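S.K.:
Protein chains: 2
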Amino acid sequence: MSVLKVINERTSYRGGYENTPVPKEDLIKIMEAGLAAPSGCNTQTTSLIAVDDPEVLDKLRKVIESEFVISAPAVICVLTQAIPGYADVYFNVQDYSAAIQNMLLAIVELGYESCWVEGQVTDVHKIGKQMANILGVPDNYELVCFLPVGVAYSPTRHPKKKPFNERAWFNGFGL
Amino acid sequence: MSVLKVINERTSYRGGYENTPVPKEDLIKIMEAGLAAPSGCNTQTTSLIAVDDPEVLDKLRKVIESEFVISAPAVICVLTQAIPGYADVYFNVQDYSAAIQNMLLAIVELGYESCWVEGQVTDVHKIGKQMANILGVPDNYELVCFLPVGVAYSPTRHPKKKPFNERAWFNGFGL
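Which chain is which? The protein sequence lines are A and B, in order.
At position 2 of the first sequence (counting the first as 1) the number is 1 in numbering that gives the first Met the number 0, and the numbers step up by one without a gap.
At position 172 of the second sequence (counting the first as 1) the number is 171 in numbering that gives the first Met the number 0, and the numbers step up by one without a gap.
1. Within 9 Å of any Cβ in chain A, is that where the Cβ of SER96/B sits?
2. Using a Cβ-Cβ cut-off of 9 Å, state whether TYR85/B counts as contacting chain A.
3. Interface residues of chain B around ALA49/A at Cβ under 8 Å?
4. Taking CB distances under 9 Å as the criterion, tell me whether GLN100/B reaches chain A.
5. ASN132/A touches chain B at which residues, Cβ-Cβ below 7 Å?
6. Does the Cβ-Cβ distance between VAL62/B and PRO147/B come in under 9 Å?
7. For GLY173/B and PHE172/A, what's the separation of their Cα atoms in angstroms?
8. GLY118/B versus chain A: which residues are under 8 Å apart at the beta carbon?
9. Hey, how far is the Cα of TYR85/B from the Cα of ASN91/B?
10. Since ILE27/A is in the alpha helix (DSSP H), which residue starts that stretch and which ends it?
11. What is the DSSP secondary structure of TYR85/B, reduced to helix, strand or coil?
12. Would you call the segment 104 to 120 of chain A and the segment 140 to 157 of chain A in contact, with 3 or more CB pairs under 8 Å?
13. By the criterion of Cβ-Cβ separation under 8 Å, what are the contact partners of ASP25/A in chain B?
14. Flag this pair as touching only if the segment 41 to 55 of chain A and the segment 92 to 102 of chain A have three or more C-beta atom pairs under 8 Å; answer yes or no.
15. Considering only the alpha carbon of each residue, which of ALA49/A, SER1/A, ARG13/A lies closest to VAL68/A?
16. Since GLU64/A meets chain B, which of its residues come closer than 8 Å, beta carbon to beta carbon?
17. Classify LEU59/A as helix, strand or coil using the three-state DSSP reduction.
18. Measuring CB to CB, does ASN18/B end up less than 9 Å from SER70/B?
19. Given 8 Å as the limit, tell me if PRO72/B has its C-beta closer than that to any heavy atom belonging to the ligand HEM.
20. Could you check whether ASP52/A and VAL21/A sit closer than 9 Å to each other, using their CB atoms as the reference points?
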């Protein structure tokens with residue numbers, strides 16, 4: 000599919016997943032897409048762990064406790080390192096966000112669905128640290144997000160968005 | 000081009016640009032790609048201003064003072080609003096980063112090159128505020144980044160990156 004088509008088809012999928020496994024070669028392609036994203040001053044602050052081993056997935060599911068992830072046959076966990084681009088200026092949030100967006104597009108291209116799950120990982124339940132412990136992640140990395148990966152069981156839906164001319168203009172604000 | 004091909008071909012281009020104008024319909028497609036990115040809790044915190052009017056571009060170039068942007072026939076400015084996803088939790092950096100990544104891919108798909116220029120906008124020279132003033136951007140929006148858009152004059156180059164197995168693993172850190 001063309002980039003523009005995939006960009007417009009991608010949406011945050013919160014339904015269940017088919018039982019179909021995700022082949023390792025697809026998980027590698029998805030992670031390669033993530034690592035191909037730019038990073039501030041080429042610091043490459045983003046790292047990734049794909050989980051498809053049923054035993055490890057079971058351990059993660061116990062801490063994730065999210066309905067819509069329980070059935071995903073694979074999960075990609077996103078790690079970030081707080082390495083400054085220069086002086087005390089950090090771009091690692093931008094870096095992992097660009098990597099996640101690349102992966103979400105690659106996931107759709109390969110016939111799967113996903114959802115950027117970050118809030119519940121870093122904020123409310125602080126489950127990122129528990130997930131990091133299960134995966135043996137060192138303290139200088141933070142697990143900030145995970146992406147379920149699998150074939151969607153239900154139809155995808157697109158959220159309502161503001162019209163183009165309320166968010167994009169030419170040559171001046173609101174023009 | 001397929002998503003994976005574009006993702007791997009995209010790189011940060013810092014050379015000059017051909018004189019060829021970028022048609023408005025292409026700038027619209029690029030901005031549509033940006034706005035199609037997900038946003039935390041669908042807050043749609045990212046807005047965009049494409050600049051292709053030579054007079055406005057000239058004003059921007061005077062504050063940008065960046066060699067590799069001076070010749071670009073168009074520039075897309077990225078605005079963000081600090082709107083919380085919920086409580087006091089903000090995802091607007093993630094939101095605009097995902098939008099930028101979508102636009103960078105759309106730019107390559109359409110035959111142009113670009114570069115994510117953020118550090119010099121927000122940090123060192125604080126030119127984002129000056130650019131915002133030129134474009135009439137209200138105070139509740141911050142101009143955080145711009146993307147030059149045009150046909151590359153020089154060949155693109157890819158930065159050296161760490162090998163896959165130093166940044167991506169299966170079922171546990173370093174595995």
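C-beta: ideal position from N, C-alpha, C; glycine also.
Just so it is clear, the structure is predicted and the values come from calculations on it, not from any experiment.
M.R.: Reading it off the structure:
1. Among the CB atoms of chain A, one or more fall inside 9 Å of the CB of SER96/B.
2. At a cut-off of 9 Å between C-beta atoms, TYR85/B counts as an interface residue with respect to chain A.
3. ALA167, TRP168, PHE169, ASN170, listed in chain order.
4. Output row for GLN100/B: interface = yes.
5. Against chain B, a Cβ distance below 7 Å from ASN132/A picks out nothing, because the smallest value is about 10 Å.
6. VAL62/B is not a Cβ neighbour of PRO147/B, given a cutoff of 9 Å.
7. Approximately 47 Å, taken between the alpha carbons.
8. One finds GLY39, CYS40, GLY84, TYR85, VAL88, PHE90 in chain A with Cβ atoms closer than 8 Å to the Cβ of GLY118/B, taken in chain order.
9. Rounded to the nearest angstrom, the two C-alpha atoms are 12 Å apart.
10. Note, ILE27/A: alpha helix (DSSP H), 23 to 34.
11. Look at TYR85/B here: in three-state DSSP terms it is strand.
12. In short, these stretches touch, since the Cβ pair count reaches three.
13. Identification of chain B residues near ASP25/A by a Cβ-Cβ cut-off of 8 Å yields none; the smallest Cβ-Cβ distance measures about 11 Å.
14. With the cut-off at 8 Å, the segment 41 to 55 of chain A and the segment 92 to 102 of chain A touch.
15. Here the closest residue by C-alpha is ARG13/A.
16. Result: empty, since nearest Cβ-Cβ is about 18 Å, beyond 8 Å.
17. In the structure shown, LEU59/A adopts helical secondary structure according to DSSP, grouped into three states.
18. The answer is yes: Cβ separation under 9 Å.
19. With respect to small molecules bound, the structure shown includes none, and the ligand HEM cannot be examined in it.
20. The Cβ atoms of VAL21/A and ASP52/A lie no closer than 9 Å to each other.
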